[in-house]
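Residue numbers (the working numbering): 1027 to 1292.
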């Protein structure tokens, strides 16, 4: 009889312990450089269990909703990713290891910009010195050259090439930050095809990215994704200025949904 009573008490204590450990709480902490007093700001923190994401502020302070037993992933460019298991609700100091940089190796070859510049130089050799857009002073000092720049076939081709080259270079810069792996990571879309369809629907502009931090890009993309996911008439959406939308394929099947992104309390 006594044994049964004790087993019952032990069972209740175990249930209470499990329930307490599963309760969500706000964890506070700070991110710094390993073996250094230097703080590390703008670190992305992700709870791998709940998919909640946060970012530390400029001096390294962060807060995140989590539970005991959850695993937090800390990532930042030029630092080694770090996983930390939440053991209690005490403040968490996190020391990030800088990535060891190897000596620079120079690779002989041309960048896209160099290739495009070479083509423009060829146009100049053919007499299109100003890409088809002669300055006023040039037209006054050499009227014949100015007329040729405005109406000649070669300068006309140079203008079109310069315009296309500018678009190509800007798109290359967009692709460095906004690409399929990036979209899949933060939206939860399961395949490259689904991510590509969403990217056909929404893409930041080159001007957008010039003024956005990584946090800004994630925030705007998730806003666009939530709008995209919840809309029943995606093909009829009007063009919006911020974020930028473009028409997409409405046959897309969505993935499991985006992660939750929150900004730390100031």
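Yeah, the Cβ is synthetic: ideal placement off N, Cα and C, and Gly gets one too.
> For residue 1054 versus residue 1097, is the C-beta spacing smaller than 7 Å?
Replying inline: Working through the chain shown from its first residue, we reach residue 1054 at position 28. Working through the chain shown from its first residue, we reach residue 1097 at position 71. Contact flag unset, no.
>> Given a cut-off of 7 Å on the beta-carbon distance, is the pair residue 1056 and residue 1107 in contact?
In response: Locating residue 1056 in the chain shown gives position 30, where the first residue counts as 1. Locating residue 1107 in the chain shown gives position 81, where the first residue counts as 1. No, Cβ-Cβ distance for residue 1056 and residue 1107 is not below 7 Å.
> Since residue 1222 and residue 1200 are thought to touch, with beta carbons under 8 Å apart, how far apart are those beta carbons, to the nearest angstrom?
Replying inline: If you number the chain shown from 1, residue 1222 lands on position 196. If you number the chain shown from 1, residue 1200 lands on position 174. The pair is not a contact, with the Cβ atoms about 14 Å apart (cut-off 8 Å).
> Of the choices 1122, 1100, 1062, whose alpha-carbon is the least far from that of residue 1077?
Replying inline: The sequence position of residue 1077 within the chain shown is 51, counting from 1. Among 1122, 1100, 1062, the Cα nearest to that of residue 1077 is on 1100.
> Rounded C-beta distance between residue 1085 and residue 1105? I'm assuming under 8 Å.
Replying inline: On the chain shown, residue 1085 is found 59 positions in, with the first residue counted as 1. On the chain shown, residue 1105 is found 79 positions in, with the first residue counted as 1. Residue 1085 to residue 1105, Cβ: 16 Å. No contact.
>> In the DSSP output, what is residue 1120 paired with across the bridge?
In response: What you label residue 1120 is simply residue 94 of the chain shown in a count that begins at 1. In the DSSP output, where bridge partners are listed per residue, residue 1120 has 1057.
> Using the beta-carbon count (16 or more within 10 Å), is residue 1092 buried or exposed?
Replying inline: In the chain shown, counting from the first residue as 1, residue 1092 sits at position 66. Looking at its Cβ environment, which holds 16 or more other Cβ atoms inside 10 Å, residue 1092 is buried.
>> Our contact map puts residue 1069 next to residue 1059 with C-beta atoms below 8 Å; I'd like the distance itself, whole angstroms only.
In response: To locate residue 1069, count along the chain shown from 1; it is residue 43. To locate residue 1059, count along the chain shown from 1; it is residue 33. Going by Cβ atoms, the distance from residue 1069 to residue 1059 rounds to 11 Å, so no, they are not a contact pair.
>> Considering just the uninterrupted stretch of the alpha helix (DSSP H) at residue 1243, what are its terminal residues?
In response: Counted from its first residue, the chain shown places residue 1243 at position 217. Per DSSP, residue 1243 belongs to the alpha helix (DSSP H) from 1240–1256.
> At a Cβ threshold of 7 Å, is residue 1215 touching chain D?
Replying inline: Among the chains in the structure shown there is no chain D, since it carries only a single protein chain.
> Under the rule that 16 or more other beta-carbon atoms within 10 Å means buried, what is residue 1213, buried or exposed?
Replying inline: Counting from 1 along the chain shown, the entry for residue 1213 is found at position 187. Buried.
>> Using a 10 Å radius around the Cβ and a threshold of 16 neighbouring Cβ atoms, would you call residue 1167 buried or exposed?
In response: Within the chain shown, numbered from 1, the residue matching residue 1167 stands at position 141. Here the model assigns residue 1167 a pLDDT of 48, short of 50, so the residue's position is not dependable, and the following value carries that caveat. That one is exposed.
> Pick from 1071, 1075, 1116, 1114: whose alpha carbon is nearest that of residue 1122?
Replying inline: The residue you call residue 1122 lines up with position 96 of the chain shown. Selected option, being the one with the closest Cα: 1071.
>> Between which two residues does the beta strand (DSSP E) holding residue 1206 run?
In response: Along the chain shown, one-based indexing puts residue 1206 at 180. Element bounds for residue 1206: not the beta strand (DSSP E) but the alpha helix (DSSP H), 1206–1213.
> Which residues in the same chain as residue 1234 place their Cβ atom closer than 6 Å to its Cβ, once the five residues preceding and following it in sequence are excluded?
Replying inline: Taking the chain shown and counting its residues from 1, one reaches residue 1234 at position 208. Closer than 6 Å at the Cβ level, and outside the excluded window around residue 1234, lies no residue.
> In this structure, does DSSP put residue 1073 in helix, strand or coil?
Replying inline: As a working note, residue 1073 is residue 47 in the chain shown. Correct three-state label for residue 1073: strand.
>> In the DSSP output, which residue or residues are listed as bridge partners for residue 1108?
In response: On the chain shown, residue 1108 is found 82 positions in, with the first residue counted as 1. Looking at the DSSP assignment, residue 1108 forms a beta bridge with 1100.
>> With H, G and I counted as helix, E and B as strand and the rest as coil, what does DSSP make of residue 1231?
In response: Here residue 1231 is taken as the residue at index 205 of the chain shown, counted from 1. Three-state result, residue 1231: coil.
>> Just to confirm, is the Cβ distance from residue 1251 to residue 1227 under 7 Å?
In response: As a first step, residue 1251 must be located in the chain shown, where it is residue number 225. As a first step, residue 1227 must be located in the chain shown, where it is residue number 201. No, they are not a contact pair.
> Do you know whose CA, among 1050, 1082, 1231, 1081, lies nearest residue 1114's CA?
Replying inline: For the purposes of this step, residue 1114 is taken as residue 88 along the chain shown, with counting starting at 1. Measuring from the Cα of residue 1114, the nearest candidate turns out to be 1050.
> Residues in its own chain within less than 7 Å of residue 1203 by CB, not counting five upstream and five downstream?
Replying inline: Translated into positions along the chain shown, residue 1203 becomes position 177. Closer than 7 Å at Cβ, skipping near neighbours: 1235, 1243.
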